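**Q** Structure below; questions to follow.
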Amino acid sequence: SSAVGLPASKRRQRRSRCARTSWRVKTVEEYEKSESKKVQTPKKYFKFSSLLDMVGIVQFKANLSAEALKQEQERRHCFHQFLQGVLQINSEDRWTPKQAMQHTFVNPELPFDPDWRPPRDDRVPTSTWAPGAIWSGSACPSASSA
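Going by my numbering, the sequence shown opens with residue 1, and the numbers climb by one from there.
Now the structure itself:
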């Protein structure tokens, strides 16, 4: 059902339920104060601090030939390059799915290029919000019906 025929007070009430909520992560100090307990020191399961360390921490098989070792090193370099592209925090720097599908790690028929850069791809805006763009049905009326 639509909110158009509702009285103004009901429309305001419905709009307030659809208001966008803002969240942030508490600092350790804020958490400890609000929960009245100390944060436990987390266990360290892995001994790496970067993707390159993570990819390199796995040891090579001992019986690899020189050629097989070279191929394995190239595969790891390829994997590292792929992870760096798809796991970028900044959405402007992160590869789109279309770009990722063109990488050697996903498309092994292509030769590996250590200097590979993804082709340009049109990005979909991710940080904009328009009333009614996410919500549908009667839960949150669009701006035009409010």
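Built from N, CA and C at the ideal position, the CB exists for glycine as well. Note that the coordinates shown come from a computational prediction; the quantities given were computed from them, not determined experimentally.
So what does DSSP say about I89, is it helix, strand or coil?
**A** coil
**Q** Roughly how many angstroms lie between the CA atoms of T104 and D115, to the nearest whole one?
**A** 12 Å
**Q** Compute the Euclidean distance between the alpha carbons of S22 and L110, then round it to the nearest angstrom.
**A** Between S22 and L110, the alpha-carbon positions lie close to 44 Å from each other.
**Q** Please say whether D113 and K98 have beta carbons closer to each other than 7 Å?
**A** no
**Q** Do K26 and E32 have their CB atoms nearer than 7 Å?
**A** Result no, Cβ atoms of K26 and E32 do not sit closer than 7 Å.
**Q** For D121, report the span of its alpha helix (DSSP H) as first-last.
**A** Unbroken run through D121: none, as it is neither H nor E.
**Q** Look at the alpha carbon of F48 and the alpha carbon of R76, and state the distance between them as a whole number of angstroms.
**A** 16 Å
**Q** Among F82, S65, T41, which one has its Cα closest to the Cα of V55?
**A** F82
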